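Participant: In my numbering, the protein residues as written are 488 to 779.
C-beta: ideal position from N, C-alpha, C; glycine also.
Remember, it's a predicted structure, so these values are computed and weren't measured experimentally.
My questions all concern the structure below.
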């Protein structure tokens with residue numbers, strides 16, 4: 488996809504960042520603030536939100552913060568009304584709120600499906616529904632959706648997460664086409680394995696051994712992954728230059744192109760790698776297995 492515009496000056500722009508109190512969301516907020524934008528953080532965790540705001544303001548940046556749940560239209564509309572009353576309608580929307588679960592598909596219950604899809608997909612839909620119309624009316628704005636490399640590549644043991652991120656990929660591509668001539672830019676960010684609270688707190692539930700082997704692959708790739716700040720730098724650059732697709736990190740870009748060029752081989756390769764790591768894991772001493 489081609490670039491949507493040559494350059495946007497972020498000075499004085501207001502950016503609503505969901506999941507903005509930690510990880511990639513906070514890093515993006517910091518980078519935007521450094522470029523002269525005013526970040527507006529939206530997060531469920533009050534303590535994390537207060538710490539993030541204190542950090543931003545301690546650096547001399549203007550920043551706003553709201554506690555809210557992206558799965559709640561009522562919460563989002565309340566935030567929208569409060570911002571508009573202050574004359575702070577967002578110019579940029581960054582959808583970064585997300586959760587994950589690592590579990591065999593048969594061990595993923597209905598409530599977990601609803602929770603993952605509710606936050607990762609419907610949370611994105613809800614913020615777009617709430618904040619995009621004003622951007623279209625003004626003829627200016629930018630939407631950033633944080634997807635995942637798992638939105639292109641199926642990962643064993645992540646049925647709900649992959650389903651949500653594949654959907655975000657499709658949604659964002661349609662947004663790009665729908666908004667092409669409305670003055671609103673769109674960026675899809677597909678990080679691989681980044682060292683964030685999401686990666687550190689993901690739950691492993693009732694996985695067969697070969698799926699746990701895939702989890703070891705994931706941990707290995709996590710060790711190669713970049714930092715939230717590196718991802719954030721690429722995101723802000725994409726906003727300023729109107730770029731659609733951002734895939735941070737060389738390993739993720741290799742995986743992305745490999746999957747697109749050789750889809751059947753990539754699927755088989757994933758199974759081979761998972762089985763190898765499962766075999767290797769069985770050979771580890773018990774102590775090493777417990778620490779893996």
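Helix, strand or coil for residue 437, going by three-state DSSP, please let me know.
Facilitator: No answer is possible for residue 437: the residues shown for the chain start at 488 and end at 779.
Participant: Taking only the alpha-carbon atoms, compute the straight-line gap between residue 687 and residue 539 and give it to the nearest angstrom.
Facilitator: By one-based count along the chain shown, residue 687 stands at place 200. By one-based count along the chain shown, residue 539 stands at place 52. With a pLDDT of only 47 at residue 687, under 50, the local geometry of the prediction cannot be trusted, and the value read off the model is given with reservation. Roughly 19 Å between the two C-alpha positions.
Participant: Grouping DSSP H, G and I as helix and E and B as strand, with all else coil, what is residue 685?
Facilitator: To locate residue 685, count along the chain shown from 1; it is residue 198. Residue confidence for residue 685 is low, a pLDDT of 49 falling below 50, so the modelled location carries little weight; the figure read from the coordinates is stated next. Looking at residue 685 - three-state DSSP - the assignment turns out to be helix.
Participant: If we call anything under 7 Å between Cβ atoms a contact, is residue 582 one with residue 632?
Facilitator: Numbered from its first residue, the chain shown carries residue 582 at position 95. Numbered from its first residue, the chain shown carries residue 632 at position 145. Yes; because the gap between Cβ atoms is below 7 Å, this pair is in contact.
Participant: Measure the C-alpha to C-alpha separation of residue 685 and residue 587 and round it to an integer number of angstroms.
Facilitator: The residue you call residue 685 lines up with position 198 of the chain shown. The residue you call residue 587 lines up with position 100 of the chain shown. Note that residue 685 has pLDDT 49, beneath the 50 cutoff, so the model's placement of it is unreliable and no number is given.
Participant: Under a three-way DSSP split, which group does residue 549 fall into?
Facilitator: By one-based count along the chain shown, residue 549 stands at place 62. Looking at residue 549 - three-state DSSP - the assignment turns out to be coil, as it is neither helix nor strand.
Participant: With DSSP as the reference, please indicate the residues paired to residue 619 in a beta bridge.
Facilitator: Within the chain shown, the letter at position 132 stands for residue 619. BP columns for residue 619 are empty, so no partner.
Participant: Take residue 748 as the anchor and find which of 496, 627, 607 and 640 has the nearest alpha-carbon.
Facilitator: By one-based count along the chain shown, residue 748 stands at place 261. Checking every option, the nearest Cα to that of residue 748 belongs to 640.
Participant: Only counting the same chain, and skipping five residues up and downstream in sequence, which positions put a Cβ closer than 7 Å to that of residue 566?
Facilitator: Reading the chain shown from its first residue, position 79 is the one you call residue 566. Result list for residue 566: 529, 553 and 555, in chain order.
Participant: On a Cα-Cα basis, can you pick out the residue from 599, 498 and 621 that is closest to residue 521?
Facilitator: Within the chain shown, numbered from 1, the residue matching residue 521 stands at position 34. Answer by Cα proximity: 498.
Participant: Could you have a look at residue 532 and say whether DSSP puts it in helix, strand or coil?
Facilitator: Along the chain shown, read from residue 1 onward, the residue named residue 532 stands at position 45. The answer is coil: DSSP assigns residue 532 none of H, G, I, E or B.
Participant: Please look up how many angstroms separate the CB atoms of residue 504 and residue 558, rounded, as I've assumed it's under 8 Å.
Facilitator: Looking up residue 504 in the chain shown gives position 17. Looking up residue 558 in the chain shown gives position 71. About 17 Å; that fails the 8 Å criterion.
Participant: Please state whether DSSP places residue 674 in a helix, a strand or coil.
Facilitator: Indexing the chain shown from 1 puts residue 674 at position 187. Of the three classes helix, strand and coil, the one that applies to residue 674 here is strand, per DSSP.
Participant: Going by DSSP, which residues form a beta bridge with residue 645?
Facilitator: Stepping through the chain shown from its first residue, residue 645 is reached at position 158. DSSP, once it has assigned bridges, lists 590 as partnering residue 645.
Participant: Might you give, ordered along the chain, the residues of its own chain that have their beta carbon closer than 6 Å to the beta carbon of residue 592, omitting 5 neighbours on each side?
Facilitator: Position 105 of the chain shown holds residue 592. Correct list, in chain order: 646.
Participant: Which of helix, strand or coil does DSSP assign to residue 781?
Facilitator: Residue 781 is absent from the model: the chain starts at 488 and stops at 779.
Participant: Have a look at 752, 672, 511 and 650 and flag the residue whose alpha-carbon is nearest the alpha-carbon of residue 494.
Facilitator: Here residue 494 corresponds to residue number 7 of the chain shown, with the count starting at 1. When each option's Cα is compared against that of residue 494, the closest is 672.
Participant: Between which residues of its own chain and residue 614 is the CB-CB distance below 7 Å, once the five residues before and five after are set aside?
Facilitator: Position 127 of the chain shown, counting from 1, holds the residue named residue 614. The answer, listed in chain order, is 505, 557, 563, 580 and 582.
Participant: What three-state label does DSSP hand residue 604 in the structure shown?
Facilitator: As a first step, residue 604 is located in the chain shown; it is residue number 117 there, counting from the start. Helix.
Participant: Classify residue 625 as helix, strand or coil using the three-state DSSP reduction.
Facilitator: If you number the chain shown from 1, residue 625 lands on position 138. Residue 625: helix per DSSP, three-state reduction.
Participant: Given a threshold of 16 other Cβ atoms within 10 Å of its Cβ, counted over all protein chains shown, does residue 723 qualify as buried or as exposed?
Facilitator: Locating residue 723 in the chain shown gives position 236, counting from the first residue. Buried, because 16 or more other Cβ atoms sit within 10 Å of the Cβ of residue 723.
Participant: Quick check on this structure: which residue in 644, 740, 660 and 648 has the alpha carbon closest to the alpha carbon of residue 679?
Facilitator: For the purposes of this step, residue 679 is taken as the residue at position 192 of the chain shown. Checked all of 644, 740, 660 and 648; the closest Cα to residue 679 is 740.
Participant: Let me confirm a value: residue 663 is counted as buried when at least 16 other C-beta atoms fall within 10 Å, else exposed. Which label applies?
Facilitator: Position 176 of the chain shown holds residue 663. Its Cβ being crowded by 16 or more others within 10 Å, residue 663 is buried.
Participant: What whole-angstrom Cβ distance do residue 550 and residue 525 have, given they're in contact under 8 Å?
Facilitator: Within the chain shown, the letter at position 63 stands for residue 550. Within the chain shown, the letter at position 38 stands for residue 525. Residue 550 to residue 525, Cβ: 7 Å. Contact.
Participant: When we look at the beta-carbon of residue 507 and count the other beta-carbons within 10 Å, is it buried (16 or more) or exposed?
Facilitator: Position 20 of the chain shown, counted from the start, is the residue given in the question as residue 507. With 16 or more Cβ atoms within 10 Å of its Cβ, residue 507 is classed as buried.
Participant: Nearest to residue 547 by CA position, among 531, 523 and 533, is which residue?
Facilitator: Counted from its first residue, the chain shown places residue 547 at position 60. Residue 523 is the option with its Cα nearest to residue 547.
Participant: Just to confirm before moving on: does the CB-CB distance between residue 628 and residue 652 stay below 7 Å?
Facilitator: In the chain shown, counting from the first residue as 1, residue 628 sits at position 141. In the chain shown, counting from the first residue as 1, residue 652 sits at position 165. Not a contact, by the Cβ cut-off of 7 Å.
Participant: Residue 533: buried (16+ other C-beta within 10 angstroms of its C-beta) or exposed?
Facilitator: Against the chain shown, residue 533 aligns to sequence position 46. Classification of residue 533: exposed, given that the 10 Å Cβ count is below 16.
Participant: Do residue 737 and residue 725 have their C-beta atoms within less than 7 Å of each other?
Facilitator: The residue you call residue 737 lines up with position 250 of the chain shown. The residue you call residue 725 lines up with position 238 of the chain shown. Cβ distance not < 7 Å, so residue 737 and residue 725 don't count as in contact.
Participant: Identify, in the order they occur along the chain, each residue of the same chain with its Cβ nearer than 6 Å to the Cβ of residue 753, setting aside the five sequence neighbours on each side.
Facilitator: One-based indexing of the chain shown puts residue 753 at position 266. Counting only Cβ-Cβ distances below 6 Å, and skipping sequence neighbours, we find 745 and 746.
Participant: Roughly how many angstroms separate the alpha carbons of residue 661 and residue 620, rounded to a whole number?
Facilitator: On the chain shown, residue 661 is found 174 positions in, with the first residue counted as 1. On the chain shown, residue 620 is found 133 positions in, with the first residue counted as 1. Each residue's alpha carbon lies about 16 Å from the other.
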